[in-house]
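This report refers to the structure that appears directly beneath it.
Residue numbers (my numbering): -7 to 249.
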């Protein structure tokens, strides 16, 4: 691995989490906290499809990073709206063609909402997943609901090597935090006022406990990514020979205080 870590960034740019991850990583690079360069940002949307995505596009352009796009929506429409499972590999091949001029050490899937079997084989790819190792598989909303509805005492986030199995590649790092500490007590008590069915059907993500967990997760996902990349760049983590995941909680918590 060269001293300068060369990164390829993949995202759907669907919201605050995706934007914040890229923004904070860029800030870490600018401050020399992370010795790396983002060689390109790939987004599976075009300008104008979403205000949230356009917001990230502007960030990429402001930092003079090559932006590569291929709208998965338009790609599917141009192929008679076939089921996406029939188009994944073809789409990945087209993406790889667009990126062939770039040379990277690691690809990062940061809020990239497509299952990408060929991409994962072509690039050494890591993915941020908002749950602890062995816990929820799937989107971040499901991870939070599992914590709430199952009454778990802690949650966190992990970074793993992307494989053909969704969210099940070898874990390289993680961080964790308690959801039963003092400032959570009243939120859990409020949750007890409602049946789970009512929470899911009527209150949804407006539930203060849900919002609290999401907020604290976002605060930690960004430094987890930075510290993981830093550990890879310094040779403390090898994605070629993954032994066991490193608990980066102490380093992540330093960012919060």
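From the three backbone atoms N, C-alpha and C, an ideal C-beta is built for every residue, glycine too.
Any non-hydrogen atom of the ligand NAD within 7 Å of residue i CB
i, result
"residue 249", "Ligands in the displayed structure: none, and consequently the ligand NAD is not present."
Contact belief for residue i with residue j at Cβ below 8 Å, rounded distance in angstroms
i, j, result
"residue 251", "residue 10", "For the chain, the structure presents residues -7 to 249; residue 251 sits outside this window and is missing."
"residue 27", "residue 57", "With 8 Å as the limit, residue 27 and residue 57 do not qualify as a contact, their Cβ atoms being about 17 Å apart."
"residue 87", "residue 111", "6 Å"
"residue 241", "residue 168", "6 Å"
"residue 109", "residue 80", "6 Å"
"residue 198", "residue 179", "The Cβ separation is near 13 Å, so there is no contact."
"residue 46", "residue 218", "About 25 Å separates the two Cβ atoms, so there is no contact after all."
"residue 68", "residue 41", "Contact flag wrong, Cβ pair sits at about 13 Å."
"residue 160", "residue 13", "Between residue 13 and residue 160 the Cβ distance is about 21 Å, and since that is not below 8 Å, they are no contact."
DSSP bridge partner residues for residue i (one or two, in chain order)
i, result
"residue 99", "0 and 117"
"residue 152", "119 and 163"
"residue 81", "None; residue 81 has no bridge partner."
"residue 30", "-1"
"residue 59", "33"
"residue 241", "Paired residue(s): none; residue 241 is not in a bridge."
"residue 169", "147"
Per-residue burial, residue i [other beta carbons within 10 Å of its own, 16 or more giving buried]
i, result
"residue 84", "buried"
"residue 54", "exposed"
"residue 246", "exposed"
"residue 186", "exposed"
"residue 209", "buried"
"residue 172", "exposed"
"residue 39", "exposed"
"residue 202", "buried"
"residue 82", "exposed"
"residue 4", "buried"
"residue 137", "buried"
"residue 222", "buried"
"residue 232", "exposed"
"residue 194", "exposed"
"residue 181", "exposed"
"residue 134", "exposed"
"residue 249", "exposed"
"residue 196", "exposed"
"residue 190", "exposed"
"residue 76", "exposed"
"residue -3", "buried"
"residue 49", "buried"
Range covered by the alpha helix (DSSP H) that runs through residue i
i, result
"residue 53", "43 to 54"
"residue 128", "Residue 128 -> no alpha helix (DSSP H), and no H or E assigned at all."
"residue 14", "8 to 22"
"residue 69", "64 to 69"
"residue 182", "177 to 183"
Range covered by the beta strand (DSSP E) that runs through residue i
i, result
"residue 204", "Residue 204 -> not in any beta strand (DSSP E); alpha helix (DSSP H) instead, spanning 200 to 225."
Count the C-beta pairs between the segment 33 to 48 and the segment 221 to 234 that are closer than 8 Å, then say yes if the count reaches three, no if not. With a cut-off of 8 Å, the segment 221 to 234 and the segment 33 to 48 do not count as touching, because too few Cβ pairs lie within range.
Given 8 Å, three or more beta-carbon pairs between the segment 131 to 151 and the segment 159 to 176: Pairwise C-beta distances place the segment 131 to 151 in contact with the segment 159 to 176, as three or more of them are shorter than 8 Å.
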